[in-house]
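Engineer: Numbering (full-length UniProt numbering), first residue to last: 1 to 213. The beta-carbon is built from N, C-alpha and C at its ideal position, and this holds for glycine as well. Computed from a prediction, not measured in an experiment: that's the story for all the values here.
#1: Please name the residue, chosen from 104, 35, 59 and 46, that lies closest to residue 149 on a Cα-to-Cα basis.
#2: Among the residues of its own chain, which have a CB less than 6 Å from the CB of residue 153, if the five just before and after it don't count?
#3: What residue range is occupied by the uninterrupted alpha helix (DSSP H) comprising residue 171?
#4: Just list the alpha helix (DSSP H) runs in the stretch 75-141, keeping only unbroken ones of 4 residues or longer that don't cross its boundaries, in chain order.
#5: Okay, do the stretch 197-211 and the stretch 41-51 touch, 3+ Cβ pairs below 8 Å being the bar?
#6: Can you give the Cα-Cα distance for residue 184 and residue 165, rounded to whole angstroms?
#7: Tell me whether the stretch 56-71 and the stretch 22-29 touch, counting them as touching only if at least three CB pairs, one residue from each stretch, are closer than 8 Å.
#8: Assuming contact is defined by CB atoms lying nearer than 8 Å, are residue 114 and residue 182 in contact in what I supplied?
#9: Taking only the alpha-carbon atoms, compute the straight-line gap between residue 160 and residue 170 and give it to the nearest angstrom.
#10: Using beta-carbon positions only, say whether residue 90 and residue 123 come within less than 8 Å of one another.
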């Protein structure tokens, strides 16, 4: 598989931008926890403050656990990961957001961690295709060998994330930044795994795939 023309980031820049992405994802729920504590300090409604703290703490925890699998080392170099962990991370992520239903079909398997990271990053791309919520149907075919991952996105305001499409086609005309680092990382992981990415928009749905070349 030919190297994508956009995959040119140096290691330190890639690490810095991924860190920025993770911080962006958790700063909102952590800030909400702080707001809830301030409300308690000011003698505000205890039940409302505690509900805010509980919800935000759960959201932050879910996001961090997801980020650990999707972006982190997740064990030693060459380690493998149970796809059951990826399923739980994806379903918990969607449940915390309360706007998208996730179904997961396919055999549970222990596979190379970069394949799991690719699957979860493709999930994020598909999640971004339904900004108003909807459903994501995730299907794993032969994950241990000639793997193919498919994610069918359905929802309102359906659209292929533009940065993902540009990077996938090697047509990104600007520097990769904190907003485009996640789709960039998805394409990079596919390249590292020897898997081809594709996305097809049909009537009321978009199918995102990653398949062994």
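Structural biologist: This is what the structure holds:
#1: When each option's Cα is compared against that of residue 149, the closest is 104.
#2: Closer than 6 Å at the Cβ level, and outside the excluded window around residue 153, lie 126, 129, 130, 136 and 206.
#3: The continuous stretches of alpha helix (DSSP H) do not include residue 171, and DSSP gives it neither H nor E.
#4: If we require 4 residues or more, the alpha helix (DSSP H) runs fully inside the stretch 75-141 come out as 83-97 and 113-128.
#5: Counting Cβ pairs under 8 Å, fewer than three are found: no touch.
#6: So the alpha carbons of these two residues sit roughly 10 Å apart.
#7: The stretch 56-71 is in contact with the stretch 22-29.
#8: No. Outside cutoff.
#9: The alpha-carbon atoms of residue 160 and residue 170 are separated by roughly 16 Å.
#10: Cβ atoms of residue 90 and residue 123: closer than 8 Å.
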